[in-house]
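Residue numbers (this note's numbering), protein chains in the order written: chain A, 9 to 173; chain B, 112 to 567.
In structure tokens, the structure reads:
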């Protein structure tokens, strides 16, 4: 426990779920609990009291709108900046503008989605690796709990008692 | 959890990343030589000007544009197929997505080179960017060539990100493993940087999955738009046998067809070369083989519909191009294309034995040749017979064009071999996730089949 945290390794997600529920029953705040895995787990395997949420569908719509508007304006403003004599016809007709705008919508949505993923995931992250991280490579689940120095021994004893053979 | 059992199988995927593999080295070396041919030929053209290529009046679009359309078509192997399989939640997609997405990225990079090569003077490419030139000109947004630039840039950006995003958790798995085994090595440092601090918390997984889902939905119409726009490079001109309303879907179907073909060949080689038959198993080949068959039928139907209307319309200029294909100077190429793109696939793929790895790879190789011929016939076949007869002419590619074509194949192989040594070619976390889902479903299914046993 060199980083003030108690780390536990679970070989099944069901065991991790049980441990998280126990931590919740013991009144451990979800901010002090971290679950980690090398695969997406069932969505209920999270610290009690915490909630998973993502703004991605909305941010991608906003990104698409911005991208589409930017590309639409690029075409429109270009036409106005270089007013070619076209005998009353549009310099860049609507279907053409539509093609360009569509690509703007797409690139806007893609870039915003990726930016949102990185933001919500806190990436790039600078957290130091934990002592048991190699277990993640073995497809285990790690649960870490931040605890007071005084309480750590009691925590550890309790944790060892719950360990399986 | 899958636990240690999974990691035993994963060793085959991680081996190329950690140790010297003679096959990969030889492959990289040979393809690297071809890359040398590409850049020598291109360099020769830049120094001696575009006249060293065989393109001339009236065939101003030759091998370079054929190759451009071909490689952009190949790029539909990955992102599009992977996105469709993700959106439809096809479980068997898991081992396929990464190797397919890598094909897209590299094929697009190579496809994007050809307009530059075709320009003769690659330095003026920036005229296509939406910034004023020194002559105060803006790009012509009415031109399908301009749409190409926008669509391909969008698709390339999306495809690269769509490839990289799901790779982050895999880099983290390798980092966590390497940190224990070789904490100070350069390789570990590389994976630490590549994993960009991924921890694998539920929130990270939730956001990543939401992001991948959203990108899959967005990227499907983008991929379709790319090859539709490539088809409009032709269809917007009133050249015989180009000015066709079905060119958009015809090109999209052809692109996916050639994309599946290259995926079949690549998967076969990966299975043989890396010994990852556990992942790229017969079931995957069978399912992709069925998709391959569907596209063979679709492509055959479009080709028939396209040629039937031209024959029935009997318009003079179009008939000249048509006759050259059916019974004239392009007939050997045309009928070879029909044999390898329709007859051979229909003779092999309907049968379960034909959808085994070797069968699908052989069909795939044939289809790749056939689809390249298709693009050659569309580009050169039409331009050789313009509407004004006095202007008719022929085209013979020069060694420079052939060198660039061969070199582009080498460049693709070289990039792919390089990729194999930097990232696992099968997505580790997606396969693990698939195993977990299977494990979770198994007891439930057992219970559904024998509810009484538990009650007893």
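Where a beta carbon is used, it is the ideal one built from N, C-alpha and C, also for glycine. Bear in mind that the values here come from a model prediction, so they are computed numbers and not experimental data.
Here DSSP, grouped into helix, strand and coil, assigns residue 427 of chain B to helix.
For the 8 Å CB-CB criterion, residue 523 of chain B and residue 217 of chain B form a contact.
With a 10 Å radius around the Cβ and a threshold of 16 neighbouring Cβ atoms, residue 121 of chain B comes out buried. Residue 154 of chain A: member of the beta strand (DSSP E) spanning 149-154, first to last residue. Look at the beta carbons and you see the stretch 388-399 of chain B not touching the stretch 483-492 of chain B: under three pairs across the two are nearer than 8 Å. Nearest in C-alpha terms to residue 492 of chain B, of all of B/520, B/428 and B/476, is B/428.
Each residue's CA atom was taken as its position, placing residue 345 of chain B and residue 539 of chain B some 42 Å apart.
When CB distances to chain A are screened at a threshold of 9 Å, the residues of the stretch 257-269 of chain B falling below it are 257, 258, 261, 262, 264, 265, 266, 268 and 269, in chain order. Listed in chain order, the alpha helix (DSSP H) elements of length 4 or more contained wholly in the stretch 58-122 of chain A are 64-89. The beta-carbon separation of residue 54 of chain A and residue 313 of chain B, rounded to 5 Å, stays under the 8 Å limit for a contact. Residues of the stretch 307-319 of chain B with a C-beta atom less than 9 Å from some C-beta of chain A are 307, 308, 309, 310, 311, 312, 313, 314, 315, 316, 317, 318 and 319, listed in chain order. Taking the CA atoms as reference points, residue 132 of chain A sits about 9 Å from residue 304 of chain B. DSSP places residue 14 of chain A in the uninterrupted beta strand (DSSP E) bounded by 13-18.
With distances taken between CA atoms, residue 106 of chain A lies nearest to A/84 out of A/31, A/84 and A/130.
For the pair of segments examined, the stretch 332-348 of chain B was found not to touch the stretch 278-294 of chain B: the number of CB pairs separated by less than 8 Å stays below three.
Taking the C-beta atoms as reference points, residue 121 of chain A is found no nearer than 8 Å to residue 63 of chain A. The three-state secondary structure of residue 167 of chain B, taken from DSSP, is strand. The Cβ neighbour count for residue 51 of chain A, taken over all protein chains shown within 10 Å, is under 16; the residue is labelled exposed. Contact of residue 325 of chain B with chain A is assigned, a C-beta pair being separated by under 8 Å. Here the alpha carbon of residue 259 of chain B sits roughly 10 Å from the alpha carbon of residue 223 of chain B.
Listed along the chain, the chain B residues whose CB falls inside 7 Å of the CB of residue 80 of chain A amount to none; the nearest CB is some 11 Å away. In this chain, the beta strand (DSSP E) harbouring residue 44 of chain A covers 41-44.
When B/417, B/320 and B/421 are compared, the shortest CA-CA separation from residue 360 of chain B is found for B/417. Contact with chain A is absent for residue 429 of chain B, since none of that chain's Cβ atoms lies less than 8 Å from the residue's Cβ.
If you check each beta-carbon in the stretch 531-549 of chain B against every beta-carbon of chain A, the ones closer than 8 Å belong to 539, 540, 543, 544 and 547. The three-state reading of DSSP puts residue 38 of chain A in helix, counting H, G and I together. Taken through DSSP and simplified to helix, strand or coil, residue 440 of chain B comes out as coil. Separation of residue 35 of chain A and residue 57 of chain A (C-alpha to C-alpha, rounded to the nearest whole angstrom) is 10 Å. Counted as a single uninterrupted DSSP element, the stretch harbouring residue 392 of chain B is not any alpha helix (DSSP H), since DSSP gives it neither H nor E. Assigned with DSSP and collapsed to three states, residue 320 of chain B falls in helix. Within chain B, the residues whose beta carbon sits less than 7 Å from that of residue 62 of chain A are 317, 318 and 321, listed in sequence order. When C-alpha distances from residue 332 of chain B are compared across B/452, B/544 and B/187, the shortest belongs to B/187.
Between residue 41 of chain A and residue 153 of chain A a beta carbon distance of about 5 Å is seen, short of the 8 Å cut, so the two are scored as contacting. Taking all protein chains shown into account, residue 465 of chain B has 16 or more neighbouring C-beta atoms within 10 Å of its C-beta and is therefore buried. For the set B/517, B/172 and B/535, the Cα lying nearest the Cα of residue 381 of chain B is the one of B/535.
Residue 155 of chain A and residue 147 of chain A have their C-alpha atoms roughly 25 Å apart.
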